[in-house]
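Working notes for the structure below.
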Amino acid sequence: MSKLLEVKDLKVSFNTYNGEVQAVRGVTFDLNKGETLAIVGESGSGKSVTSMALMQLLPKPHGYVKSGEILFEGEDIVKKSTRDMQKIRGKDISMVFQDPMSSLNPTMKIGNQIMEGLIKHQNMNRTNARKKAVELLELVGIPHPETRLNQYPHQFSGGMRQRVVVAIALACNPKILIADEPTTALDVTIQAQILELMKDIQKETDSAIIFITHDLGVVANVADRVAVMYAGKIVEIGTTDDIFYNAKHPYTWGLLGSMPTLDSDEEELFAIPGSPPDLLNPPKGDAFAPRNEFALEIDTVMEPPMFKVSDTHYAATWLLHEDAPKIEPPESVQRRMQGFSNTGSKDGEK
Amino acid sequence: MFRYILRRILYMAVTLFIIATVSFFLMKMLPGSPLKAEDKLSEEQREIVLEKYGLNDPVPVQYVRYIGGLVKGDLGISFTFDNTPVTKILMDRIGPSAQLGAQALLIGTFLGILLGLIAAISHNGALDYTSTILAVLGTSIPSFVFAGLLQRYLAVEWELFPVALWGTFEHTILPTVALMIFPMATAARFTRTEMIEVMGSNFITTARAKGVSEYGIIFKHGLRNALIPLVTVMGPMAVSLMTGTLVIEKIFAVPGIGEQFVTSVMVNDYPTIMGTTLLFAFLFVLIILVIDLLYVLIDPRIRLTGGES
Numbered sequence: 001m002s003k004l005l006e007v008k009d010l011k012v013s014f015n016t017y018n019g020e021v022q023a024v025r026g027v028t029f030d031l032n033k034g035e036t037l038a039i040v041g042e043s044g045s046g047k048s049v050t051s052m053a054l055m056q057l058l059p060k061p062h063g064y065v066k067s068g069e070i071l072f073e074g075e076d077i078v079k080k081s082t083r084d085m086q087k088i089r090g091k092d093i094s095m096v097f098q099d100p101m102s103s104l105n106p107t108m109k110i111g112n113q114i115m116e117g118l119i120k121h122q123n124m125n126r127t128n129a130r131k132k133a134v135e136l137l138e139l140v141g142i143p144h145p146e147t148r149l150n151q152y153p154h155q156f157s158g159g160m161r162q163r164v165v166v167a168i169a170l171a172c173n174p175k176i177l178i179a180d181e182p183t184t185a186l187d188v189t190i191q192a193q194i195l196e197l198m199k200d201i202q203k204e205t206d207s208a209i210i211f212i213t214h215d216l217g218v219v220a221n222v223a224d225r226v227a228v229m230y231a232g233k234i235v236e237i238g239t240t241d242d243i244f245y246n247a248k249h250p251y252t253w254g255l256l257g258s259m260p261t262l263d264s265d266e267e268e269l270f271a272i273p274g275s276p277p278d279l280l281n282p283p284k285g286d287a288f289a290p291r292n293e294f295a296l297e298i299d300t301v302m303e304p305p306m307f308k309v310s311d312t313h314y315a316a317t318w319l320l321h322e323d324a325p326k327i328e329p330p331e332s333v334q335r336r337m338q339g340f341s342n343t344g345s346k347d348g349e350k
Numbered sequence: 001m002f003r004y005i006l007r008r009i010l011y012m013a014v015t016l017f018i019i020a021t022v023s024f025f026l027m028k029m030l031p032g033s034p035l036k037a038e039d040k041l042s043e044e045q046r047e048i049v050l051e052k053y054g055l056n057d058p059v060p061v062q063y064v065r066y067i068g069g070l071v072k073g074d075l076g077i078s079f080t081f082d083n084t085p086v087t088k089i090l091m092d093r094i095g096p097s098a099q100l101g102a103q104a105l106l107i108g109t110f111l112g113i114l115l116g117l118i119a120a121i122s123h124n125g126a127l128d129y130t131s132t133i134l135a136v137l138g139t140s141i142p143s144f145v146f147a148g149l150l151q152r153y154l155a156v157e158w159e160l161f162p163v164a165l166w167g168t169f170e171h172t173i174l175p176t177v178a179l180m181i182f183p184m185a186t187a188a189r190f191t192r193t194e195m196i197e198v199m200g201s202n203f204i205t206t207a208r209a210k211g212v213s214e215y216g217i218i219f220k221h222g223l224r225n226a227l228i229p230l231v232t233v234m235g236p237m238a239v240s241l242m243t244g245t246l247v248i249e250k251i252f253a254v255p256g257i258g259e260q261f262v263t264s265v266m267v268n269d270y271p272t273i274m275g276t277t278l279l280f281a282f283l284f285v286l287i288i289l290v291i292d293l294l295y296v297l298i299d300p301r302i303r304l305t306g307g308e309s
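Residue numbers (full-length UniProt numbering), protein chains in the order written: chain A, 1 to 350; chain B, 1 to 309.
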């Protein structure tokens, strides 16, 4: 598998009246062709900001890439001009947004919104673009595409709108599809449909997907690999199996423990105590330490590096240091991880 | 759609009837009488004149007679120009007023949108502040002040344009400029605010993520959505233009309806006052209807009740 995208020590900051908010504080990951990487974290962990940085769509002039590289097919996106980025956006990298209710232009017909990218990136004339738009609407499962093309967003339900947003994102067969919490605003049955749709489409088009979510349940279903973000950093990254059966970072334990499951009858839902740190003044040492019941003294002094667990699995916690006390995840989390591996991997996928 | 318009026209008629009634009685409360130099007329002469114009009858009788004429499209005979029907006076004078109003509204709105757009794009930049200051000045200084300044400098001192009067297109320039300041400033303010808000909305990010150029973002996605609220303020703006013409026409001695209106109020020329008021009222309700129809054109989310589903 070749590397499609390499993000190296990416730092993104926002200038505010109170000072510099360090939303992303050194994120490194890569993305292979055709794979699905999930970025998981709570609100404010920097996952959406990371995705906006990949598109170079950070809100100007406050948001900016402070340092680091985003190599797309070997070329650094951060250094590209606006004009060059316009050629990449929608063609090579495209994006599905969180809120389908507001992410479509209310005064433009659906058809035109889909055709816009086709006409721009693939030099299609209107007739061909229209044909392609009909195909796309069929692909995302919208009935009567011919008539639907001439309708406006307010004539679609939320789930249907999200399908349209997916169709727009897929229009030019992007190499990377960034889905920023695409199902958060939808109800559960529609969520499942949209996820199914994205999986199907990935099989057909071989796009790589970066799936941003705070919902671990969704992750288990769609992702090949998972990156867990906390306070602007990736604290653990590994294959979905690594994360669900063999999590090493206490924060990941917390996330797994706080995930409601159907068979979690006996135990109460676990909540991670405290709240995320203020990224205006990021703490010295491990940002998660104040909320971590297993925190070591060194956590308040020095940031943990990424420790290698296996070839695919890394985690940033001092607990993995050879001198650290051997600590096992809390019993409830252990039972969870046990439970996940018993029910078989990922709902029969693979 | 057709049925909707039909119904709206019916409402318009009702509105106009109410306006006619209210202004008729209000007008009757004006002090003074239409007779000029009253003290020089003998009691007998005055009786004859009042009798001739039906002003001796009780006010309700006069009212019924007036409305009766109105229904037949008869606005009565002016007191000041002997035997000239008010309809003819208005017809003769509507040309200059309509020309000034339309020029000021169209040019003013267009320039205003442009100014607001520039301000929004250079949000918090020097251009933004310049255009905001211009907009505040334009909305807060009354048009007759501009009219005076324009006359003083452009016409009297530099002799670029005629000071006043009517005739060639050049005569229309100064009054148009004086009139258009207000719509321009209003449009600029609204366009700026709306545009800044629209440019921050999610669908603009979607468009950016599609790779749409900045030009396409601003004009295809941004401006159209920003213009919807502007249409709402266009109505009152057009109306304030109409009232604005009253003073401007007087200052520039334009033979328009406004100038006529001011004169007729001063001499208590009842039929002309009524005719002009009704004409303004008619234009007002017409503008409101046009704006409601415009809404449907620019905002697909708005449907007219009574139209097809």
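C-beta: ideal position from N, C-alpha, C; glycine also. A quick note: this is a predicted structure, and the numbers were derived from the prediction, not measured.
Closest residue to residue i among the options (Cα-Cα distance)
| i | options | result |
| --- | --- | --- |
| Asn15(A) | Pro61(A), Phe29(A), Ser45(A) | Pro61(A) |
| Ser33(B) | Val22(B), Val49(B), Thr21(B) | Val49(B) |
| Gly232(A) | Asn292(A), Pro250(A), Val27(A), Pro100(A) | Val27(A) |
| Val40(A) | Ala227(A), Ala316(A), Val49(A) | Ala227(A) |
| Ser240(B) | Thr205(B), Ile181(B), Asp292(B), Trp158(B) | Ile181(B) |
| Tyr17(A) | Glu293(A), Leu280(A), Thr312(A) | Leu280(A) |
| Val233(B) | Leu294(B), Ala120(B), Gln151(B) | Leu294(B) |
| Pro276(A) | Gly257(A), Thr317(A), Tyr230(A) | Tyr230(A) |
| Asp200(A) | Arg25(A), Thr36(A), His144(A) | Thr36(A) |
| His214(A) | Asp323(A), Lys203(A), Gln98(A) | Gln98(A) |
| Ser78(B) | Ala126(B), Ile204(B), Thr272(B) | Thr272(B) |
| Asp180(A) | Gln334(A), Glu6(A), Val309(A), Ile93(A) | Ile93(A) |
| Ile18(B) | Ile287(B), Met184(B), Met274(B) | Met274(B) |
Beta-ladder partner(s) of residue i, from DSSP
| i | result |
| --- | --- |
| Leu31(A) | Leu5(A) |
| Ser13(A) | Gln22(A), Tyr64(A) |
| Ser94(A) | Leu177(A) |
| Leu71(A) | Glu6(A), Asp76(A) |
| Ala208(A) | Ile176(A) |
| Arg89(A) | Ile93(A) |
| Thr239(A) | Arg225(A) |
| Ile77(B) | Pro85(B) |
| Lys203(A) | Lys203(A) is not bridged to any residue. |
| Ile234(A) | Met229(A) |
As assigned by DSSP and simplified to three states, the class of residue i
| i | result |
| --- | --- |
| Gln56(A) | coil |
| Arg225(A) | strand |
| Thr213(A) | strand |
| Pro85(B) | strand |
| Asp311(A) | coil |
| Met101(A) | coil |
| Lys109(A) | coil |
| Phe340(A) | helix |
| Ala295(A) | coil |
| Val301(A) | coil |
| Thr36(A) | strand |
| Lys350(A) | Annotation note: pLDDT 36 at Lys350(A) (below 50); position unreliable, coordinate value reported separately. Of the three classes helix, strand and coil, the one that applies to Lys350(A) here is coil, per DSSP. |
| Lys47(A) | helix |
| Tyr11(B) | helix |
| Thr317(A) | coil |
| Lys326(A) | coil |
| Lys250(B) | helix |
| Lys120(A) | helix |
| Met306(A) | coil |
| Leu280(A) | coil |
| Met266(B) | helix |
Any non-hydrogen atom of the ligand NAD within 7 Å of residue i CB
| i | result |
| --- | --- |
| Ile212(A) | Among the components of this structure there are no ligands whatsoever, and the ligand NAD is therefore not found. |
> Quick one, which residues of the region 198-215 of chain B are near chain A if we go by CB-CB under 9 Å, in chain order?
Replying inline: Within the region 198-215 of chain B, the residues whose Cβ lies closer than 9 Å to some Cβ of chain A are Gly200, Ser201, Asn202, Phe203, Ile204, Thr205, Thr206, Ala207, Arg208, Ala209, Lys210, Gly211, Val212, Ser213, Glu214, listed in chain order.
>> Counting only Cβ-Cβ distances shorter than 8 Å, please list the residues of the region 291-304 of chain B near chain A, keeping chain order.
In response: Ile298, Asp299, Pro300, Arg301
> Between the region 110-125 of chain A and chain B, which residues of the former have a C-beta closer than 7 Å to a C-beta of the latter?
Replying inline: Residues of the region 110-125 of chain A with a C-beta less than 7 Å from any C-beta of chain B: Glu116, Gly117, Lys120, His121, listed in chain order.
> Of all the alpha helix (DSSP H) runs that stay within the bounds of the region 170-233 of chain B, which reach a length of 4 or more residues?
Replying inline: Listed in chain order, the alpha helix (DSSP H) elements of length 4 or more contained wholly in the region 170-233 of chain B are 202-209.
> Of the residues that make up the region 212-243 of chain B, which ones have a beta carbon closer than 7 Å to any beta carbon in chain A?
Replying inline: Val212, Ser213, His221, Arg224, Asn225
> Taking only runs of the alpha helix (DSSP H) that begin and end inside the region 271-301 of chain B, which ones reach a length of at least 4 residues, in chain order?
Replying inline: none
>> Against chain B, which members of the region 82-93 of chain A pass a CB distance test of less than 9 Å?
In response: Thr82, Arg83, Met85, Gln86, Lys87, Ile88, Arg89, Gly90, Lys91, Ile93
>> To be precise: take each residue of the region 48-62 of chain A, compare its Cβ to all Cβ atoms of chain B, and keep it if any distance is under 7 Å. Which residues remain?
In response: Met55, Leu57
> Can you list, in chain order, the stretches of the alpha helix (DSSP H) that have 4 or more residues and sit fully within the region 131-200 of chain A?
Replying inline: 145-148, 158-170
> Just by C-beta distance, which residues in the region 196-225 of chain A are closer than 8 Å to chain B?
Replying inline: none
>> What ranges does the alpha helix (DSSP H) occupy inside the region 10-69 of chain B, keeping only unbroken runs of at least 4 residues that lie completely in it?
In response: 43-52
> Name the residues in the region 156-186 of chain A whose C-beta lies less than 9 Å from a C-beta of chain B; which are they?
Replying inline: Val165, Ile168, Ala169, Ala171, Cys172, Ile178
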